[in-house]
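Sequence lines, in order, name chains A and B. Be aware that the first sequence starts at 1, since it is given in the numbering used here, and climbs by one per residue. Be aware that the second sequence starts at 457, since it is given in the numbering used here, and climbs by one per residue.
Protein chains: 2
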Amino acid sequence: MFDPIEKLKEYVRHASVSADPKFQSGMDGARDFVATLLRDMGFAVEVVPTALHPVILAKRGDNPAWPHVIIYGHYDVQPPDPLDQWHTKPFDPVIKDGRMYGRGTADNKGPLMAHLAAVGRLLEKNPNLPLRITFMVEGEEEIGSKHFKEFLLANKEKLRGDFVFLSDTGIPNPDQMVVTVGLRGMFACEVEITGPKSDLHSGMYGGVLMNPLQALAELCASLHTPDGRVNIPGFYDRVIEPEKWEREQLATLGLKEKDFAAFLGIKEFHTPPGYTPFEAIRFLPTLEFNGFSGGYQGEGTKTVIPAKARVKITCRLVPGQTPDNMRETILATIRARCPKGVTLTITEQHSAVPYVVIPPDRSNTPKDQSPVLARAFRALEQSATDVWGKPPLYLREGGSVGLIADLKQVLGLDAVMPGLFLPEDNLHAPNESFHLGVMQKGIELSEQTLAALAKQ
Amino acid sequence: MFDPIEKLKEYVRHASVSADPKFQSGMDGARDFVATLLRDMGFAVEVVPTALHPVILAKRGDNPAWPHVIIYGHYDVQPPDPLDQWHTKPFDPVIKDGRMYGRGTADNKGPLMAHLAAVGRLLEKNPNLPLRITFMVEGEEEIGSKHFKEFLLANKEKLRGDFVFLSDTGIPNPDQMVVTVGLRGMFACEVEITGPKSDLHSGMYGGVLMNPLQALAELCASLHTPDGRVNIPGFYDRVIEPEKWEREQLATLGLKEKDFAAFLGIKEFHTPPGYTPFEAIRFLPTLEFNGFSGGYQGEGTKTVIPAKARVKITCRLVPGQTPDNMRETILATIRARCPKGVTLTITEQHSAVPYVVIPPDRSNTPKDQSPVLARAFRALEQSATDVWGKPPLYLREGGSVGLIADLKQVLGLDAVMPGLFLPEDNLHAPNESFHLGVMQKGIELSEQTLAALAKQ
Chain A
1 MFDPIEKLKE
11 YVRHASVSAD
21 PKFQSGMDGA
31 RDFVATLLRD
41 MGFAVEVVPT
51 ALHPVILAKR
61 GDNPAWPHVI
71 IYGHYDVQPP
81 DPLDQWHTKP
91 FDPVIKDGRM
101 YGRGTADNKG
111 PLMAHLAAVG
121 RLLEKNPNLP
131 LRITFMVEGE
141 EEIGSKHFKE
151 FLLANKEKLR
161 GDFVFLSDTG
171 IPNPDQMVVT
181 VGLRGMFACE
191 VEITGPKSDL
201 HSGMYGGVLM
211 NPLQALAELC
221 ASLHTPDGRV
231 NIPGFYDRVI
241 EPEKWEREQL
251 ATLGLKEKDF
261 AAFLGIKEFH
271 TPPGYTPFEA
281 IRFLPTLEFN
291 GFSGGYQGEG
301 TKTVIPAKAR
311 VKITCRLVPG
321 QTPDNMRETI
331 LATIRARCPK
341 GVTLTITEQH
351 SAVPYVVIPP
361 DRSNTPKDQS
371 PVLARAFRAL
381 EQSATDVWGK
391 PPLYLREGGS
401 VGLIADLKQV
411 LGLDAVMPGL
421 FLPEDNLHAP
431 NESFHLGVMQ
441 KGIELSEQTL
451 AALAKQ
Chain B
457 MFDPIEKLKE
467 YVRHASVSAD
477 PKFQSGMDGA
487 RDFVATLLRD
497 MGFAVEVVPT
507 ALHPVILAKR
517 GDNPAWPHVI
527 IYGHYDVQPP
537 DPLDQWHTKP
547 FDPVIKDGRM
557 YGRGTADNKG
567 PLMAHLAAVG
577 RLLEKNPNLP
587 LRITFMVEGE
597 EEIGSKHFKE
607 FLLANKEKLR
617 GDFVFLSDTG
627 IPNPDQMVVT
637 VGLRGMFACE
647 VEITGPKSDL
657 HSGMYGGVLM
667 NPLQALAELC
677 ASLHTPDGRV
687 NIPGFYDRVI
697 EPEKWEREQL
707 ATLGLKEKDF
717 AAFLGIKEFH
727 TPPGYTPFEA
737 IRFLPTLEFN
747 GFSGGYQGEG
757 TKTVIPAKAR
767 VKITCRLVPG
777 QTPDNMRETI
787 LATIRARCPK
797 GVTLTITEQH
807 SAVPYVVIPP
817 DRSNTPKDQS
827 PVLARAFRAL
837 EQSATDVWGK
847 PPLYLREGGS
857 VGLIADLKQV
867 LGLDAVMPGL
877 FLPEDNLHAP
887 NESFHLGVMQ
897 KGIELSEQTL
907 AALAKQ
C-alpha cells in the first residue's frame, strides 16, 4: 500500500487552480497524478473531457448484484492569493505540528486521499471485495462545477449507482465526526457601475457627478438592515425552517460563541435576530460581498473619479430557495437600488441549488428512501462510533457543493458526506492546512464503512 | 532657438512618475533634461536636493532694480495606469490632429515648455533683457509637493521675487484665455476597515459577522445626502461665498450643461442644490472616493469574506477652509459612522490649503497689493487680449495646487496663472494629450507678458 501522507504531498505540489488559465500545467499534473494512482490500484480509468477541465472516472467491480458506491472528489483548488499572507509556499507542502500546510490540502486533496487510501487498503486485503466502486474526480469544483452537470448527463449510464460517498465538508473538532446532511445553495453575480466615459480628475470635476464608487457603496449599503438581515423584499419568504432534530443535533455540539468569535478574530457577531451564529450559518440565506474594486489602488494618492466600480456578490441559499426562484427577487432589488445618473451592468456567475438528505430512522425520513442508502448511513454511523468513540452528528453546513444537487437531479442519487476538514484548516484562505490525525481517522472510517457495505 | 515641439517630445519620453520608485530613472532623466535646457539658455542652474525628488532652480539677471519673476513648473507626472486604456504608449509621444499624446504632455510638461520657449525667444532677441527670471521646477507636484515647503523655507533668500508665474491650470476651449485666481485645497486620507483576522470562506462563515466590505460600503454611503451634498455636520460652515464678479465672469464663459455632460459622458449631474455644475466645481468643497478595494478582484468568483477593505478619500476645500480647520470635522464623522464589530484605521495623506488672489481694479482688490503683481496682471491681460483677440477671464478652478498656498505663506508671493490645458486633455487619465495650437499661443502670451513687464 502507498503512504497516504507522501502521496498527498506529491498531489498538493500540482498547483491545480481551475479559475486561472495560467495554472494549466498544475491542472494536468494533478489529474495525471490521480489517474495514475487509481490505475495502480487496479481501477479501469477513463479521463473524460469536458468543455474545460476533464473528469476522472475510475471503476472496479462489475457484478450488478453488488452495491455500487460512487466516490466523489475534486482535483482543483482555490487560487492561492493573497500570496504575501502565506507563511509557507502554497504549493510546496510542509508538515508541522501534525498538519500538512498547502493550498488544497484540506479542500479537497487530503479528504480524497483518505478515501483513496481506504479503498487501496480494502482491495489489498480483499481483491475480490463484493462492492462496485466508481471514483469520480472532477476539476471544476472551485469554479462552480461548470461543466459537471453536462458530464453527468452524458455519462448517466456509467453512473447508475446507489449513492455518492464524499468528504468535502467539515467537522467542528478532531474528536467529533459530523455527517453533513444539507448544504446551502448559491447565487453569484458581479455588479458593475459605470459613470463618466473615462476616469476623471477629482479636482477638476469633483462634486458635480455621481462617482461610481459612491453609487456602488450606496447600492451595497442598501442590501442589509442594521440587524444583520438581508434587506431585499421577499428574500426570506421561501426559507424552510429546519426540523427540530436538526436544531437539537446542533445544540449537542456544544459550540461556544465566545470561542467561535475568538477563532474568527472578530469583536462581535452580526447575526439576524432569533438565530445563534451556528444556526444562521446553516439555516439562513446570506448576501455577502466577496470583492469590491474601482479607482486607484496603488501606493499614495491619485485624485481620480473612476469610470467604473465593481462588486462581486454571492448569496447563499437554503432549502426552499433555488437560484431560479431567487434570481429575480435579488436582481430586481439590485436594479431598483442603483442610484440615478450611472449605468448598472449585472453579470450572473455560477449558482448552486441547496441540498438536504434525511438519514434513516428520523421523524421525517422519506418512506421511499433507498435501502442501500439507509445501509450506508447505518454503516457510517457504526464506523464513526468505532473510530471516534461516540456517534456522529448529522448537521447541515453553510457552504455550497452545487454538484450535490446535480447528482440528485441528474442521477437521482443522495450523498453520504462524512466531514474531514476543521475550522482551523483555513479553506479558501492563506495557510490552508489539513489535520493528519483526522486524515488517519478518515481512512479508517471510509475503509470500515465500505467493508460493512460490501459484507451485507 | 530650439523647436519647442521636438523638445517636448524628448521631455515626455522621460517617464517621470514621482509616486512610484520604479520610475526613478524617468525622474532623473526628466530633471536632467530641464536642467540642461536651462543651462543652454544661459541660466545658472542648481539642482537642489530634497528628501525625495530634487528641485531645479535656474536664474538669470541680477540687477535688483529689475522685476523678479519666478516661473514655476513640475517635471513629475501622474502614474500612467490603467495602461490598457491608452491608445498609444504613455511615454512614447505621438502627434495626431494637432495634439501631442502622452503622459504629462498637458500636466505639466507642455505648459512648462511654453514658458521655456517664451523665455528662450525673449533672451535670443534681447540677451540683456532687464528682468530677473528664476525657473523653479519641482518633482513632487503629483504627490502633493511633499518636500516643497521645506525647500522654500531653506531657499527663501534665493526666491525673493515679485510674483510667481505658472501655467498648471486649464481653459475651457482653445479660444478663451482664463487666468486662474483661485484653487481648491485638499484633505486626503485612506480609511481601512479590518474585520476577521484573516480572509474567511463566505459559505462556512457568511451571514454571521460584519463583512469589512459591507462595513466600508455603509460608511461611504453615509457621507453624502441624496441631493449631492456632503453629509458631514459642519462641512459647509466655513465656506466663503464667491464675490459677485466671480459668478459674472463664470457666466460670461457661456458654458452649457448639456455639452459638459456629453463631454464627461454622464447622463446627468449630481450637484448640490443652488449651484450649477460650473459653480460647484469652483466654489464648493467635495468629498470624493478615489479608490476602493478589498477581497477578490480577479476573474471568476472566489467565495471569500476579506479580512480588510480600504477606501481612498479626498476632500476638496474652498477659501475659508483649511486642512487644519477641517480635519477633525471630517475624521470625527468617519469614525462615528463606522459600523460596530470592525476596526477602523485612518491614515492621513497629503493636504493643501485653498488659495485666492484678487486681480487689480476689482471691488475687493487688497489695498496693499504689490505694484509689480498688479503690473503683471495688467501685462497678462494685454497680451492675452492680443493673442486671443478678446480679454481673458479670471476664474477660480476646482483642482488643487497646494504649493501655491505655500508660496504665499512662505515667500509672501501671489501667483499669476494663465491656464494652458483643455478639458479634452485627459489629465490624470488615460490618453492625456496637449493641444499644440494652445501651446503656440501660450508661448506668445508668456513672451509678450514678460517683455511688457521688462519694459516698464
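Idealized CB from N, CA, C, for every residue including glycine.
Buried versus exposed call for B/F845 [16 or more other C-beta atoms within 10 Å across all chains shown]: In the sequence as presented, Phe is not what sits at residue 845 of chain B; that position holds Gly. Classification for B/G845: exposed.
CB contact check: A/I485 to chain B, cutoff 8 Å: Only positions 1 to 456 of chain A appear in the structure, and residue 485 of chain A is not among them; the question remains open.
Within-8 Å CB hit, A/G402 to chain B: no
Residues, ordered as in the chain, of the region 650-671 of chain B that lie near chain A by beta-carbon distance below 8 Å: G651, P652, K653, S654, D655, L656, H657, S658, G659, M660, Y661, G662, G663, V664, L665, M666, N667, L669 and Q670
Neighbour list for B/H806 in chain A, Cβ cutoff strictly below 7 Å: T301
8 Å CB neighbourhood of B/T423 in its chain, flanking five on each side removed: Look at the range of chain B in this structure, 457 to 912, and you will see that residue 423 of chain B is not part of it.
Pair within 8 Å by beta-carbon distance, B/G651 and B/P668: yes
First through last residue of the alpha helix (DSSP H) which encompasses A/E444: L436 to K455
Nearest-angstrom Cβ-Cβ length linking B/A610 and B/H806, presumed shorter than 8 Å: That pair is no contact at about 19 Å.
A/K340 versus A/T329: straight-line alpha-carbon distance, rounded: If I take the Cα positions, the gap works out to 20 Å.
The region 504-515 of chain B in contact with the region 274-285 of chain A per 3-pair CB rule at 8 Å: Taking one beta carbon from each stretch, the region 504-515 of chain B and the region 274-285 of chain A have fewer than 3 pairs nearer than 8 Å; the two do not touch.
Outcome for B/D683 when other beta-carbon atoms lying within 10 angstroms are tallied against a minimum of 16: Exposed is the label assigned to B/D683, since fewer than 16 other Cβ atoms lie within 10 Å of its Cβ.
Option nearest B/G558 by Cα separation, candidates B/T544, B/L706, B/H524 and B/G858: B/T544
Where A/C338 meets chain E, residues with beta-carbon distance less than 9 Å: Within the model displayed, chain E is absent; protein chains A and B are what it includes.
Contact check, B/V525 vs B/L863, beta carbons under 8 Å: no
Reduced DSSP secondary structure (H/G/I, E/B, other) of A/P418: strand
Three CB pairs or more closer than 8 Å across the region 687-705 of chain B and the region 302-317 of chain A: no
Whole-Å CB distance - B/S623 paired with B/P874, under 8 Å assumed: 6 Å
Inter-residue CB distance, B/F748 and B/V767 (contact presumed, cutoff 8 Å): 5 Å
Check whether B/Y531 and B/A500 have beta carbons under 8 Å apart: B/A500 sits away from B/Y531, with the two beta carbons spaced by 8 Å or more.
C-alpha gap between A/E268 and A/Y275, whole angstroms: Each residue's Cα considered, the two are about 14 Å apart.
Element boundaries [beta strand (DSSP E), containing A/C338]: Run containing A/C338: none; DSSP gives neither H nor E here.
Chain B contact for A/P430 (CB, 8 Å cutoff): True, the Cβ-Cβ gap to chain B drops below 8 Å.
Whole runs of the beta strand (DSSP E) within the region 734-760 of chain B, excluding any shorter than 3 residues: 742-751
Cβ-based contacts, 7 Å cut-off: residues of the region 723-756 of chain B near chain A: K723, E724, F725, H726, T727, P733, A736, I737, L740, T742, E744, F745, N746, G747, F748, S749, G750, G751, Y752, Q753, G754, E755 and G756
7 Å Cβ shell around B/S902 - same chain, five flanking residues per side excluded: In its chain, beyond the 5 residues on either side, A570, H571 and A574 have a beta carbon closer than 7 Å to the beta carbon of B/S902.
Which listed residue (B/P698, B/G482 and B/G498) has its alpha carbon closest to that of B/P536: B/G482
Under 8 Å from the C-beta of B/R640: neighbouring residues of chain A: Those are G203, listed as they occur along chain A.
Residue-chain proximity (B/F882, chain A), Cβ-Cβ < 8 Å: Sequence check: residue 882 of chain B is Asn here, not Phe. So, interface residue.
Helix, strand or coil at B/Q777 [DSSP, three-state]: In the three-state DSSP reduction, B/Q777 falls in the coil class, being neither helix nor strand.
B/G557: first and last residue of the uninterrupted beta strand (DSSP E) it sits in: Checking the displayed sequence, the identity of residue 557 of chain B turns out to be Tyr instead of Gly. First-last of the beta strand (DSSP E) with B/Y557: R555 to Y557.
Amino acids of chain A, ordered along the chain, whose beta-carbon sits closer than 7 Å to that of B/H680: Q214
From A/T333, A/R375, A/D199 and A/G139, residue whose alpha carbon lies closest to that of A/V457: With chain A represented from 1 up to 456, any question about residue 457 of chain A goes unanswered, as that position is not in the structure.
Short CB-CB distance (under 8 Å) between B/T778 and chain A: no
A/R335 classed as buried or exposed, judged by whether at least 16 other C-beta atoms fall within 10 angstroms: Counting the other Cβ atoms within 10 Å of the Cβ of A/R335 gives fewer than 16, which makes it exposed.
Option nearest B/W542 by Cα separation, candidates B/L800, B/A885, B/I627 and B/E502: B/A885
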